[in-house]
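Heads up, the sequence shown is in numbering that gives the first Met the number 0, so the first residue is 0 and it goes up one at a time. Glycine included, every Cβ here is placed at the ideal spot set by N, Cα and C. These figures come from a predicted structure and were not determined experimentally. A quick write-up on the structure given underneath.
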Amino acid sequence: MTPRLIALDWGTSSLRAFLLGADGTVLERRAERLGIMQTPPDGFPASFAQIAGAWRRRWPHLPAIAAGMIGSAQGWAQAPYRRNAAGAAEMAESLISVPSGDGGVLHIVPGLAMDTPRAEVMRGEETQIIGALTIDPGLARGRLLLPGTHSKWAVLADGRIAGFATFMTGELFAVLRGHSILGRLQGDLPPDESGFDAGVTTARDGDGLAALLFSARAQVLLGTLPAAASLPYLSGLLIGDEIRGALAAGHGAGRLALIGDAALCARYRRALSHFGITDVPAIEGAAEAGLWRIACLAGLVIPEPVQETMP
0 MTPRLIALDW GTSSLRAFLL GADGTVLERR AERLGIMQTP PDGFPASFAQ IAGAWRRRWP
60 HLPAIAAGMI GSAQGWAQAP YRRNAAGAAE MAESLISVPS GDGGVLHIVP GLAMDTPRAE
120 VMRGEETQII GALTIDPGLA RGRLLLPGTH SKWAVLADGR IAGFATFMTG ELFAVLRGHS
180 ILGRLQGDLP PDESGFDAGV TTARDGDGLA ALLFSARAQV LLGTLPAAAS LPYLSGLLIG
240 DEIRGALAAG HGAGRLALIG DAALCARYRR ALSHFGITDV PAIEGAAEAG LWRIACLAGL
300 VIPEPVQETM P
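Quick look at the structure:
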């Protein structure tokens, strides 16, 4: 199958590249630790060449598109946020482009910002959401949960992102584990994952996270929670409180699906079961599907096969 597009998911710590054929089929994929934090300000053309140079040399006229933090102020070039409700069409018409350093151009997808009910921003997740809708159009009026360092709960309406909320769950866990008394309880003990379920149910039945966190220490001191279960318990508290808050705000109403790392999605699915939510599929391949969809709407995908340059 002849390639039609180079698609990049370029984040803070990693860079994934996809060579896409007709209908967005992944022909080849590559990954490098070349996120924007590992690349100096003048090093983006070199990083692009490292991961996609062989493809560009073989197919010199192949279009390229990227999404994620590469379009931030710390990235290759700043792609201004699209404001408020948006879908694939709005993202496609808001692309920016930069010279890619090899005689070609790299198109960059903007992020998405919301003004109400409070300020929210995302970069990269909007493309994954568009990809999930491309893979499963039945989510057009559903909800998407993207767990991670900064988890996103997105509300969809008529195939567009109508709103979203951010929960700093992953970052809070890292801070509490590394810089608070709660992170010292487990020591070098292997984790006892039964603590996770206990943490989720405690958060589910609680009135807010601030009043619950110290229970991780108190229970260990009183012998009601094994020290080995303290970090899983803390994880459960944080994820459980995120889910409780999201559901209370209406972000879980309607069909719900997950996008993200398989192990993390499984952890969230386990937590959701304590809230009576059990049918939560995980959408795979969302980033590349979203990049393909946006590129098609922007007219970047060439209608005829490109001519291969023979070595």
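Item: Nearest-angstrom Cα separation, counted from Thr-277 out to Pro-62; Value: 41 Å
Item: Extent of the continuous alpha helix (DSSP H) to which Thr-200 belongs; Value: 193-203
Item: Nearest-angstrom Cα separation, counted from Ala-76 out to Ala-288; Value: 23 Å
Item: Under 8 Å between C-beta atoms of Arg-140 and Ala-164; Value: no
Item: Beta bridge counterpart(s) of Thr-277 as assigned by DSSP; Value: According to DSSP, which records beta bridges pairwise, Thr-277 is partnered with nothing at all.
Item: Beta-bridge partners of Asp-101, as assigned by DSSP; Value: Answer by DSSP bridge pairing: none, since Asp-101 is not bridged.
Item: Inter-residue CB distance, Ala-285 and Ala-131 (contact presumed, cutoff 8 Å); Value: 5 Å
Item: Rounded separation between Thr-101 and Ala-261 - CA only; Value: The question names Thr, but residue 101 is Asp in the sequence shown. Between Asp-101 and Ala-261, the C-alpha separation is close to 35 Å.
Item: Stretch pair the stretch 190-197 + the stretch 218-233: three plus CB contacts closer than 8 Å; Value: yes
Item: Asp-240, DSSP secondary structure in three states; Value: helix
Item: Length of the line joining the Cα atoms of Asp-187 and Val-97; Value: 48 Å
Item: Span separating the alpha-carbon of Glu-89 from that of Gly-10; Value: 21 Å
Item: Contact belief for His-250 with Val-120 at Cβ below 8 Å, rounded distance in angstroms; Value: Between Val-120 and His-250 the Cβ distance is about 17 Å, and since that is not below 8 Å, they are no contact.
Item: Ala-173: CB within 7 Å of a non-hydrogen atom of the ligand GDP; Value: By its list of ligands, the structure shown contains no ligand whatsoever, and the ligand GDP lies outside what it can speak to.
Item: Beta-carbon proximity check, Leu-105 vs Thr-168, cutoff 8 Å; Value: no
Item: Span separating the alpha-carbon of Ile-64 from that of Ser-46; Value: 14 Å
Item: Helix, strand or coil at Ile-35 [DSSP, three-state]; Value: coil
Item: Length at least 3, wholly inside the stretch 0-31: the beta strand (DSSP E) runs in chain order; Value: 4-9, 14-19 and 25-31
Item: Cβ-Cβ distance between Met-0 and Gly-20 below 8 Å; Value: yes
Item: As assigned by DSSP and simplified to three states, the class of His-60; Value: coil
Item: Sequence-distant residues of the same chain with beta carbon closer than 7 Å to Thr-148, five excluded per side; Value: Gly-169 and Glu-170
Item: Element boundaries [alpha helix (DSSP H), containing Leu-171]; Value: 168-178
Item: Distance between Leu-138 and Asp-8 (C-alpha atoms, nearest Å); Value: 22 Å
Item: Within 8 Å, strictly: CB atoms of Arg-142 and Ala-217; Value: no
Item: Local conformation of Leu-138 per DSSP, three classes; Value: helix
Item: Beta-carbon spacing of Leu-296, Thr-126 below 8 Å; Value: no
Item: Boundaries (first-last residue) of the beta strand (DSSP E) holding Trp-152; Value: 150-156
Item: Pro-79 beta carbon less than 8 Å from that of Pro-109; Value: yes
Item: is_contact[Leu-271, chain C] using C-beta, thresh 8 Å; Value: Structure shown: chain C not included; a single protein chain is present.
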